[in-house]
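J.: My structure is below; once you've seen it, I'll send some questions.
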Amino acid sequence: MSTTIATRVPAGSFFDLGRKDSMLTRLREEGAELALPFALMEHLVKSGTPYSEHARSLRSEPVPVAGVTFDWFDGKLPDEIANEINLADYEIVTHTHERRVALTRALDRLSLVHPEGIARVREFVRGLLWVGLKPGVHMSSLTSSSDPALPYVIVFSDKARHHIPPNTVSPESSPLFLAENLLHEGTHQSISFHILQHQVFADGYSSQESPKIEIKWRAGQGIARNQFWEVDRAFHATCVYNQLLRFRRTELDRDDLTANERACFQTAYDDGLPAVRYLMRELELLSEQFSPHGVALLADLRHQTDQL
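Residue numbering for the sequence shown is 0 to 307, as defined by numbering that gives the first Met the number 0.
What follows is the structure, given as structure tokens:
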């Protein structure tokens, strides 16, 4: 699938974990590779917090697939890191055989059925944070998330085995739903990498001052920020929808889905297609918010959207 959003991390760039850098080199020499993304976080956040040192308290269980090994984090998530990426109400869940099987099957599905999807995840994901709400916290759990402040790390919960955002909820768990959510967050990370390395938005663009796009399908959620999206948030969503609709179409064209999986993917596909078309139109109406490079990205997104 053609895309102008980065599909590779350029050698020697800021995001190259193997580049020559005193902090990255020290972590590699000390066998603390799992802390490398947190070293990048220190540069991005600029709070003076030594996130990579806090990350050393984490353990990881290796999950090898398709020629790369992911770090499935274990242990107590340091407060300094949790607070920065809005996970103060969450903790890392216990590693169980059931969860490992689900995670391995999800990554294997990407590898065997979605070669472009696993290529994106392999390139832009290293750390896996499987989390759950802390005891006593009464709120709706996230399904999956990622934060531009923490490259290469994605977050998901048990809910990712049942929920295809925004609105499809399955009574039965499936590694295929988890696979979609892993791809979802890996795609967000690739877009964040691209935006941080290229000028996508016009000079002076501010997310805080951005025009807002009404998201009618989120109207029932009761949270204002989910009903009106900034241009950059809508751009992220449009890029992600284009990836996920192709993922869903590929799954629907296969003959090894359960009846429940097929019904859920069909519903999610039918809901997602008008959503991405709506977002595409709204972004084109706000093209002055983009740089020339960003306008070229919009043109490519339009091409992708028209092919759905």
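Glycine residues also receive a C-beta, built at the ideal position from the N, C-alpha and C atoms.
So does THR68 have its beta carbon nearer than 8 Å to some heavy atom of the ligand ATP?
T.: The ligand ATP is absent from the structure shown, which contains no ligands of any kind.
J.: If we ignore side chains and look at the alpha-carbon of each, how far apart do ARG276 and LEU296 end up?
T.: 15 Å
J.: What separation, rounded to the nearest whole angstrom, lies between the Cα atoms of ARG18 and SER156?
T.: One C-alpha to the other measures close to 32 Å.
J.: Thinking just about the alpha-carbon of each residue, which of ASP73, ALA105, LEU106 is nearest to the one in VAL92?
T.: ASP73
J.: Quick check on the burial criterion: 16 or more other C-beta atoms within 10 angstroms. Buried or exposed for GLY185?
T.: buried
J.: Have a look at ALA201 and PHE289 and give me their C-alpha separation to the nearest angstrom.
T.: 4 Å
J.: Opposite GLY131 in the DSSP bridges: which residues?
T.: GLU90
J.: Who are the near neighbours of LEU23 in its chain, counting only those whose CB is closer than 7 Å to its CB and skipping five residues on each side?
T.: LEU16, LEU35, ALA38
J.: What are the uninterrupted segments assigned as beta strand (DSSP E) that are 3 or more residues long and contained completely in the stretch 53-97, given in chain order?
T.: 58-64, 67-73, 89-91
J.: Applying the criterion that 16 or more other CB atoms from any shown protein chain within 10 Å of the CB defines a buried residue, is SER1 buried or exposed?
T.: Bear in mind that the predicted position of SER1 carries a pLDDT of just 42, short of 50, making it too unreliable to give a figure here.
J.: Determine, for GLY135, whether the minimum Cβ-Cβ distance to residues of chain D falls below 9 Å.
T.: Included in the structure is just one protein chain, with no chain D present.
J.: With 16 other CB atoms within 10 Å as the buried threshold, where does ALA10 fall?
T.: exposed
J.: DSSP three-state label for SER286, please.
T.: helix
J.: Can you tell me which of ARG27, THR304, VAL44 puts its alpha carbon nearest to the alpha carbon of GLU311?
T.: There is no way to answer for residue 311, as the model of the chain reaches only from 0 to 307.
J.: Quick check on the DSSP output: the beta strand (DSSP E) that includes PHE155 runs from which residue to which?
T.: 152-156
J.: Counting Cβ pairs closer than 8 Å, one from the stretch 242-258 and one from the stretch 103-115, do we hit at least three?
T.: Put simply, the stretch 242-258 touches the stretch 103-115. At least three CB pairs are less than 8 Å apart.
J.: Could you compute how far the alpha carbon of PHE176 sits from the alpha carbon of ARG160?
T.: 5 Å
J.: With distances taken from CA atoms, which of HIS96, LEU26, ARG58, GLU83 is nearest SER46?
T.: GLU83
J.: Using 8 Å as the threshold, is the stretch 64-72 in touch with the stretch 115-124, meaning 3 or more CB pairs across them?
T.: Under the 8 Å Cβ criterion, the stretch 64-72 counts as touching the stretch 115-124, having at least three qualifying pairs.
J.: Taking the straight line between their C-alpha atoms, what separation do you get for GLY30 and PRO210?
T.: 46 Å
J.: Could you tell me if ASP231 is buried or exposed, where buried requires 16 or more neighbouring beta carbons within 10 angstroms of its beta carbon?
T.: buried
J.: Return helix, strand or coil for GLY17, following the three-state DSSP convention.
T.: coil
J.: So what's HIS137 in DSSP terms, helix, strand or just coil?
T.: In this structure, DSSP gives HIS137 a state outside helix and strand, which the three-state scheme calls coil.
J.: So which of GLU32, SER205, LEU76 has the shortest CA-CA distance to GLU287?
T.: SER205
J.: Suppose contacts are defined by Cβ-Cβ distances below 9 Å. Is HIS187 in contact with HIS113 by that definition?
T.: no
J.: Going straight from the alpha carbon of LEU195 to that of CYS238, what length do you get?
T.: Using only the alpha carbons, I get a separation of about 16 Å.
J.: Flag this pair as yes or no: are the beta carbons of PHE69 and PHE192 separated by less than 9 Å?
T.: no
J.: What would DSSP say about VAL120, mapped onto helix, strand or coil?
T.: helix
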